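*Asks:*
2 protein chains.
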Amino acid sequence: MLPESAPYCPEPLQDILEDVSNCIIPGLTHWQSPNFFAYFHANASTAGFLGEMLCSGFNVVGFNWISSPAATELESIVLDWMGKMLKLPSSFLFSGTGGGVLHGSTCEAVVCVLAAARDKALKELGGWENITKLVVYASDQTHFTFQKAAKLVGIPPSNSRLIETSFSTGFSLSPENLRFVIEDDIKSGLVPLFLCATIGTTPSGAVDPIAELGKVAMEFKLWLHIDAVYAGSGCICPELRHYLDGVELANSISMNPHKWFLTNMDCCCLWIKEPKLLVDSLSTDPEILRNNASKSKAVVDYKDWQIALSRRFRALKLWVVIRRYGLANLMYHIRSDIAMAKRFEALVGEDERFEIVVARKFALVCFRLKPKVEEEDLNCKLVEAINSSGRAFVSHAVLSGIYVIRCAIGTTLTQQHHVDALWKLIQDKAQSLLM
Amino acid sequence: MLPESAPYCPEPLQDILEDVSNCIIPGLTHWQSPNFFAYFHANASTAGFLGEMLCSGFNVVGFNWISSPAATELESIVLDWMGKMLKLPSSFLFSGTGGGVLHGSTCEAVVCVLAAARDKALKELGGWENITKLVVYASDQTHFTFQKAAKLVGIPPSNSRLIETSFSTGFSLSPENLRFVIEDDIKSGLVPLFLCATIGTTPSGAVDPIAELGKVAMEFKLWLHIDAVYAGSGCICPELRHYLDGVELANSISMNPHKWFLTNMDCCCLWIKEPKLLVDSLSTDPEILRNNASKSKAVVDYKDWQIALSRRFRALKLWVVIRRYGLANLMYHIRSDIAMAKRFEALVGEDERFEIVVARKFALVCFRLKPKVEEEDLNCKLVEAINSSGRAFVSHAVLSGIYVIRCAIGTTLTQQHHVDALWKLIQDKAQSLLM
Numbered sequence: 000m001l002p003e004s005a006p007y008c009p010e011p012l013q014d015i016l017e018d019v020s021n022c023i024i025p026g027l028t029h030w031q032s033p034n035f036f037a038y039f040h041a042n043a044s045t046a047g048f049l050g051e052m053l054c055s056g057f058n059v060v061g062f063n064w065i066s067s068p069a070a071t072e073l074e075s076i077v078l079d080w081m082g083k084m085l086k087l088p089s090s091f092l093f094s095g096t097g098g099g100v101l102h103g104s105t106c107e108a109v110v111c112v113l114a115a116a117r118d119k120a121l122k123e124l125g126g127w128e129n130i131t132k133l134v135v136y137a138s139d140q141t142h143f144t145f146q147k148a149a150k151l152v153g154i155p156p157s158n159s160r161l162i163e164t165s166f167s168t169g170f171s172l173s174p175e176n177l178r179f180v181i182e183d184d185i186k187s188g189l190v191p192l193f194l195c196a197t198i199g200t201t202p203s204g205a206v207d208p209i210a211e212l213g214k215v216a217m218e219f220k221l222w223l224h225i226d227a228v229y230a231g232s233g234c235i236c237p238e239l240r241h242y243l244d245g246v247e248l249a250n251s252i253s254m255n256p257h258k259w260f261l262t263n264m265d266c267c268c269l270w271i272k273e274p275k276l277l278v279d280s281l282s283t284d285p286e287i288l289r290n291n292a293s294k295s296k297a298v299v300d301y302k303d304w305q306i307a308l309s310r311r312f313r314a315l316k317l318w319v320v321i322r323r324y325g326l327a328n329l330m331y332h333i334r335s336d337i338a339m340a341k342r343f344e345a346l347v348g349e350d351e352r353f354e355i356v357v358a359r360k361f362a363l364v365c366f367r368l369k370p371k372v373e374e375e376d377l378n379c380k381l382v383e384a385i386n387s388s389g390r391a392f393v394s395h396a397v398l399s400g401i402y403v404i405r406c407a408i409g410t411t412l413t414q415q416h417h418v419d420a421l422w423k424l425i426q427d428k429a430q431s432l433l434m
Numbered sequence: 000m001l002p003e004s005a006p007y008c009p010e011p012l013q014d015i016l017e018d019v020s021n022c023i024i025p026g027l028t029h030w031q032s033p034n035f036f037a038y039f040h041a042n043a044s045t046a047g048f049l050g051e052m053l054c055s056g057f058n059v060v061g062f063n064w065i066s067s068p069a070a071t072e073l074e075s076i077v078l079d080w081m082g083k084m085l086k087l088p089s090s091f092l093f094s095g096t097g098g099g100v101l102h103g104s105t106c107e108a109v110v111c112v113l114a115a116a117r118d119k120a121l122k123e124l125g126g127w128e129n130i131t132k133l134v135v136y137a138s139d140q141t142h143f144t145f146q147k148a149a150k151l152v153g154i155p156p157s158n159s160r161l162i163e164t165s166f167s168t169g170f171s172l173s174p175e176n177l178r179f180v181i182e183d184d185i186k187s188g189l190v191p192l193f194l195c196a197t198i199g200t201t202p203s204g205a206v207d208p209i210a211e212l213g214k215v216a217m218e219f220k221l222w223l224h225i226d227a228v229y230a231g232s233g234c235i236c237p238e239l240r241h242y243l244d245g246v247e248l249a250n251s252i253s254m255n256p257h258k259w260f261l262t263n264m265d266c267c268c269l270w271i272k273e274p275k276l277l278v279d280s281l282s283t284d285p286e287i288l289r290n291n292a293s294k295s296k297a298v299v300d301y302k303d304w305q306i307a308l309s310r311r312f313r314a315l316k317l318w319v320v321i322r323r324y325g326l327a328n329l330m331y332h333i334r335s336d337i338a339m340a341k342r343f344e345a346l347v348g349e350d351e352r353f354e355i356v357v358a359r360k361f362a363l364v365c366f367r368l369k370p371k372v373e374e375e376d377l378n379c380k381l382v383e384a385i386n387s388s389g390r391a392f393v394s395h396a397v398l399s400g401i402y403v404i405r406c407a408i409g410t411t412l413t414q415q416h417h418v419d420a421l422w423k424l425i426q427d428k429a430q431s432l433l434m
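If you're matching them up, the sequences are chains S and Z in order. Under numbering that gives the first Met the number 0, the first sequence has 267 at position 268, and the numbering climbs by one with no breaks. Under numbering that gives the first Met the number 0, the second sequence has 291 at position 292, and the numbering climbs by one with no breaks.
1. Between which two residues does the alpha helix (DSSP H) harbouring Z:His416 extend?
2. Z:Gln31 versus chain S: which residues are under 9 Å apart at the beta carbon?
3. Confirm, please, whether the CB-CB distance from Z:Leu261 to Z:Thr168 is below 8 Å.
4. Go to Z:Phe461, then tell me how far its beta strand (DSSP E) extends in each direction, as first and last residue.
5. Report all residues from its chain with a CB closer than 7 Å to the CB of Z:Gly103; omit the five preceding and five following residues, and keep chain order.
6. Among all the DSSP beta bridges, which residues are the ones paired with Z:Met254?
7. So if I threshold CB-CB distances at 7 Å, which residues from the region 341 to 375 of chain S count as touching chain Z?
8. Only counting the same chain, and skipping five residues up and downstream in sequence, which positions put a Cβ closer than 6 Å to that of S:His417?
9. Can you tell which of Z:Lys147, Z:Ile271, Z:Gly56 and Z:Glu3 has the C-alpha that lies nearest to the C-alpha of S:Leu281?
10. Compare the C-beta of Z:Asn263 with all C-beta atoms of chain S and state if any pair is closer than 8 Å.
11. Is Z:Phe193 close to chain S? Criterion is C-beta to C-beta, closer than 8 Å.
12. Per DSSP, S:Val206 is paired with what?
13. Using a C-beta cutoff of 8 Å, does Z:Thr200 count as contacting chain S?
14. What does a CB cutoff of less than 8 Å around S:Leu194 pick up in its chain, not counting 5 residues either side in sequence?
15. Strictly by DSSP, which residues pair up with S:Tyr136?
16. Excluding the 5 residues preceding and the 5 following Z:Ala396 in the sequence, name in chain order all residues of the same chain whose CB lies nearer than 6 Å to its CB.
17. Do three or more CB pairs link the region 109 to 119 of chain S to the region 277 to 293 of chain S at distances below 8 Å?
18. Taking 8 Å as the threshold (C-beta atoms), are Z:Leu398 and Z:Ala429 in contact?
19. Please list the residues of the region 76 to 99 of chain Z that have a C-beta atom closer than 8 Å to any C-beta atom in chain S, keeping them in chain order.
20. Using a Cβ cut-off of 7 Å, which residues of the region 103 to 126 of chain Z contact any Cβ in chain S, in chain order?
21. Any residues in the region 381 to 402 of chain S with a beta carbon nearer than 8 Å to a beta carbon of chain Z? Which ones, in chain order?
22. Does Z:Arg352 pass the burial test, meaning 16 or more other C-beta atoms within 10 Å, or should it be called exposed?
23. Should Z:Pro2 go down as buried or exposed, given a rule of 16 or more other Cβ atoms within 10 Å for buried?
24. Would you give the residue range spanned by the beta strand (DSSP E) that Z:Asp18 belongs to?
25. Express the C-alpha separation of Z:Asn21 and Z:Ala408 in angstroms, rounding to a whole number.
26. Could you tell me whether the region 237 to 252 of chain Z touches the region 66 to 79 of chain Z, where touching means 3 or more Cβ pairs closer than 8 Å?
27. Is the beta carbon of S:Arg342 closer than 8 Å to that of S:Val356?
28. Consider the Cβ of Z:Ser232: report whether some Cβ of chain S lies at a distance smaller than 8 Å.
29. Could you list the residues in the region 232 to 248 of chain Z with a C-beta less than 8 Å from some C-beta on chain S, going in chain order?
30. If the cut is a Cβ gap below 8 Å, which residues of chain S does Z:Arg323 touch?
31. Using a C-beta cutoff of 8 Å, does S:Glu74 count as contacting chain Z?
32. In the structure shown, what three-state DSSP assignment does Z:Phe312 receive?
33. Give the secondary structure of S:His40 by DSSP, where H, G and I count as helix, E and B as strand, and everything else as coil.
34. If you run the structure through DSSP and keep just helix, strand and coil, what is S:Arg367?
35. Return the chain-ordered list of same chain residues with a C-beta closer than 8 Å to the C-beta of Z:Ile235, the five sequence neighbours on each side being excluded.
36. For Z:Phe170, count neighbouring Cβ atoms within 10 angstroms of its own Cβ and tell me buried if that reaches 16, exposed if not.
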């Protein structure tokens, strides 16, 4: 529908906007629709949008402190705000002995902490050739980008241990199993490096037991990173905060306000206990950026906390979101999504043709039509029937070989009647399939 | 000036905007000021801003084709548009045998192509332990993030060769010197992997001789990446395109429209001849994202072309910019900046207290006050005097031990009278220093 080459002459704005309406919008997957229940939602809000407009309007590049002091200062302040809302120990905050930074994605954040852990270990081991001995650990429910990140920083793919989980632990990582695998690796002459634990896994919202895993990590001197990408936002509510118990044993933790915290893409918070280790691994000191503020070591130069040099002023949008909603309304947002998920879970439970496959912890419900033996792809067909109706969008996961339908409740605009309509749609499509 | 914790209750928009005016804006470095001549500029435009608003409003996450088909399709189309404007060979375009992708920064792009080159080499060498044998090459003028990227992907820092350049070659990388270093490495049992050549280096705008370097790269089977981060935008003008001659010998090339192409942050174009190699290195196939479109292999899943899973719809802004300006006005933008730089260079040349240190190629002028022996930090003082006036912002570089002042002309709003005022300011401050 669009020409193969760029126009030579300027085009009227009207034509461009018409093409947006006619060629772009019909081809989008509508992540902001209240009927979007797939993957994890990407919350947008007018507050977040305003923050993005300010960011794009100022268009400053805060790679170091001097290149835009307020951009760095606001980012430090907002990371402390967010950390305090999550009741992180002061060892993760600038007001304590740690600090935080905004990345674009969890994968970038994990690449950076993996590099920090790697370089610390290689220094202690005395040579880069030891990179092939380093081993990283996670459960088989951990986000798949963890393996990608480990490979990116040069850990041999054969040294990525994805420890099997099962229904018996609700798909959370067993500290005992972790210990067995670590001990085996040590016997083989390998060096355990890094453990990634998850609060709210992508397939089913499972929670790894941080406190117990933290003890194992400390015993074997592993870097413990907590990936709270989705459910971290929920932990601002006192009734959910217990999932973070043991966070004081971690070296770093990340979560994405762009998922469930009303902040437009992209925004990932990373806190780290020893920012020095991140800076040791990622810092550069080119002549072209030398300045008195950096020399004084009294300021944060965020270029040394991330992959890229250039960076957008992302802190603005998170700051506007937090102020415009306040902790009170942010908690309300989380709680109302969870209430809707609870009700959806109850509706599914009441219909005997269906079953809840794993217990719900946050606002993600994993369920399926109970299959008869001869209908193995029944739930896959049901997902296709729901999605091809164009009235809602859900996605799926496979848990211990069982295909489940995922209903993630939490777009900014989703209300009870949208969830009720989804359930009615599911029932109708199931009826047709079962006939 | 801001509280230490987040507010519990929502705050009025008016209060937030007042804080933006009173606490944020005074602490920004004003990258959009027409008097900003430091580093390289970060072009913003109303067209780019509109694109960002659309991106932030739709807030879709196009990690694979199915998660927002139009986002992937438009990105592919715009990368072909941009590639055609630069007269890249069809081997880099989707309409040929290659393809392009938008990243947030050059460093991310380079991390990805380095990983692709690394994984291809490790496969050929037959084992991950060979990672310590891989060697990467660049000139000592190459952007410092290249070394950071190489270290990030696990290349030992001792295997980064930064080949010395000098005034004699205008700070461009000598193919002969490159060959010597490569041959030495081979003799030592190392494996040459990757060469990064630059079109328009950050310190002085130097251009590496792509055609000759390409021959060396082919001879030794190095992956040749061209970093045209700044000057690539200029190469849309026929009179500057010759700097890209030899690009057909490269494996990949990147440039940043967010520098000199009127596109708001962040936007980096990466083209690659064999996208399969990128995908081989970076792809993931988690159950949770499986879908018929991906299975068919008939679509592009951009998650496999970058570090992160999630991604913003950046193509919109580049598409709006190109259409709203047209090639004609984009060339006008480049040419008028170059004309202003030429005039500035002439003004400096006419004042016998000053000298042009390296010949200007684009819109970056490197000059200095001719120092008397006893005034070694004269130019450093001059930079401080200019910047502390608050009337303009310049930066510096050190070329073969010589401290030079960099004047990069090219913010969206810079006009002739701003450049003339800068020159007058420089002359005044120099006068005071020399008195």
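Ideal Cβ placement from N, Cα and C applies to all residues, glycine included. Since the structure is predicted, the reported quantities are computational estimates derived from the model, not experimental observations.
*Replies:* Checking against the coordinates, here is how it stands:
1. Residue 416 of chain Z sits at position 417 when you count from the first residue of the second sequence. In the DSSP assignment, Z:His416 falls within the alpha helix (DSSP H) that extends over Gln415 to Leu433.
2. Locating residue 31 of chain Z in the second sequence gives position 32, where the first residue counts as 1. Neighbours of Z:Gln31 in chain S, taken as residues whose beta carbon is under 9 Å from its own, are Gly56, Phe57, Asn58 and Val59 in chain order.
3. Here residue 168 of chain Z refers to the residue found at position 169 when the second sequence is read from its first residue. Here residue 261 of chain Z refers to the residue found at position 262 when the second sequence is read from its first residue. In this structure, Z:Leu261 does not lie closer than 8 Å to Z:Thr168 by Cβ.
4. There is no way to answer for residue 461 of chain Z, as the model of chain Z reaches only from 0 to 434.
5. Locating residue 103 of chain Z in the second sequence gives position 104, counting from the first residue. Once the five neighbours on either side are set aside, the close Cβ partners of Z:Gly103 are Asp265 and Cys267.
6. Taking the first residue of the second sequence as position 1, residue 254 of chain Z is located at position 255. Z:Met254 pairs with Z:Cys268.
7. The residues in question: there are none.
8. Here residue 417 of chain S refers to the residue found at position 418 when the first sequence is read from its first residue. Contacts found: Pro33 and Asn34.
9. The residue given as residue 281 of chain S occupies position 282 in the first sequence. Nearest in C-alpha terms to S:Leu281, of all of Z:Lys147, Z:Ile271, Z:Gly56 and Z:Glu3, is Z:Lys147.
10. Counting from one through the second sequence, the residue named residue 263 of chain Z turns up at place 264. Yes, Z:Asn263 lies at the interface with chain S (some Cβ there is under 8 Å from its Cβ).
11. The residue labelled residue 193 of chain Z in the question sits at position 194 within the second sequence. No, Z:Phe193 does not count as interfacial toward chain S.
12. Locating residue 206 of chain S in the first sequence gives position 207, where the first residue counts as 1. The partner list for S:Val206 (beta bridge, DSSP) reads S:Ile198.
13. As a working mapping, residue 200 of chain Z is identified with position 201 in the second sequence. No, Z:Thr200 does not count as interfacial toward chain S.
14. Taking the first residue of the first sequence as position 1, residue 194 of chain S is located at position 195. Closer than 8 Å at Cβ, skipping near neighbours: Val135, Tyr136, Ala137, Leu177, Leu212, Val215, Ala216, Leu221, Trp222, Leu223 and His224.
15. For the purposes of this step, residue 136 of chain S is taken as the residue at position 137 of the first sequence. Here S:Tyr136 is bridged, per DSSP, to S:Arg160 and S:Leu194.
16. To locate residue 396 of chain Z, count along the second sequence from 1; it is residue 397. Cβ neighbours of Z:Ala396 beyond the five flanking positions: Pro202, Val403 and Arg405.
17. Touching, yes.
18. In the second sequence, the residue the question calls residue 429 of chain Z occupies position 430. In the second sequence, the residue the question calls residue 398 of chain Z occupies position 399. Taking 8 Å as the Cβ cut-off, Z:Ala429 and Z:Leu398 do not qualify as a contacting pair.
19. Answer in chain order: Ile76, Asp79, Trp80, Met81, Lys83, Met84 and Ser94.
20. Contacts with chain S (Cβ-Cβ distance below 7 Å) from the region 103 to 126 of chain Z involve Gly103, Ser104, Cys106, Glu107, Val110 and Ala114, listed in chain order.
21. Along the region 381 to 402 of chain S, the positions whose C-beta sits under 8 Å from a C-beta of chain Z are Ser394, His395, Ala396 and Val397, read in chain order.
22. Start at 1 with the first residue of the second sequence, and residue 352 of chain Z comes out as number 353. Z:Arg352 should be labelled exposed.
23. One-based indexing of the second sequence puts residue 2 of chain Z at position 3. In the assembly as shown, Z:Pro2 is an exposed residue. Its beta-carbon has fewer than 16 other beta-carbons within 10 Å.
24. Here residue 18 of chain Z refers to the residue found at position 19 of the second sequence. Per DSSP, Z:Asp18 belongs to no beta strand (DSSP E); it is in the alpha helix (DSSP H), Leu12 to Asp18.
25. Numbered from its first residue, the second sequence carries residue 408 of chain Z at position 409. Numbered from its first residue, the second sequence carries residue 21 of chain Z at position 22. The identity of residue 408 of chain Z in the sequence shown is Ile, whereas the question assumes Ala. The alpha-carbon atoms of Z:Ile408 and Z:Asn21 are separated by roughly 29 Å.
26. Contact fails: fewer than three Cβ-Cβ distances are below 8 Å.
27. If you number the first sequence from 1, residue 356 of chain S lands on position 357. If you number the first sequence from 1, residue 342 of chain S lands on position 343. Pairing S:Val356 with S:Arg342 gives a Cβ-Cβ distance that is not under 8 Å.
28. Here residue 232 of chain Z is taken as the residue at index 233 of the second sequence, counted from 1. Among the residues facing chain S, Z:Ser232 is not included, as its CB has no counterpart in that chain under 8 Å away.
29. Residues of the region 232 to 248 of chain Z whose Cβ lies closer than 8 Å to any Cβ of chain S: none.
30. The residue you call residue 323 of chain Z lines up with position 324 of the second sequence. Listed along chain S are Pro9, Glu10, Leu12 and Ile15, each with a C-beta nearer than 8 Å to that of Z:Arg323.
31. For the purposes of this step, residue 74 of chain S is identified with residue 75 of the first sequence, where counting begins at 1. S:Glu74 does not count as touching chain Z.
32. By one-based count along the second sequence, residue 312 of chain Z stands at place 313. Coil at Z:Phe312, not helix or strand.
33. Translated into the one-based positions of the first sequence, residue 40 of chain S becomes position 41. Residue state, collapsed to three classes: coil.
34. The residue given as residue 367 of chain S occupies position 368 in the first sequence. The three-state reading of DSSP puts S:Arg367 in strand, counting E and B together.
35. Start at 1 with the first residue of the second sequence, and residue 235 of chain Z comes out as number 236. Cβ neighbours of Z:Ile235 beyond the five flanking positions: Met84, Leu85, Leu326, Leu329, Met330 and Ile333.
36. Here residue 170 of chain Z corresponds to residue number 171 of the second sequence, with the count starting at 1. When all chains shown are included, Z:Phe170 counts as buried.
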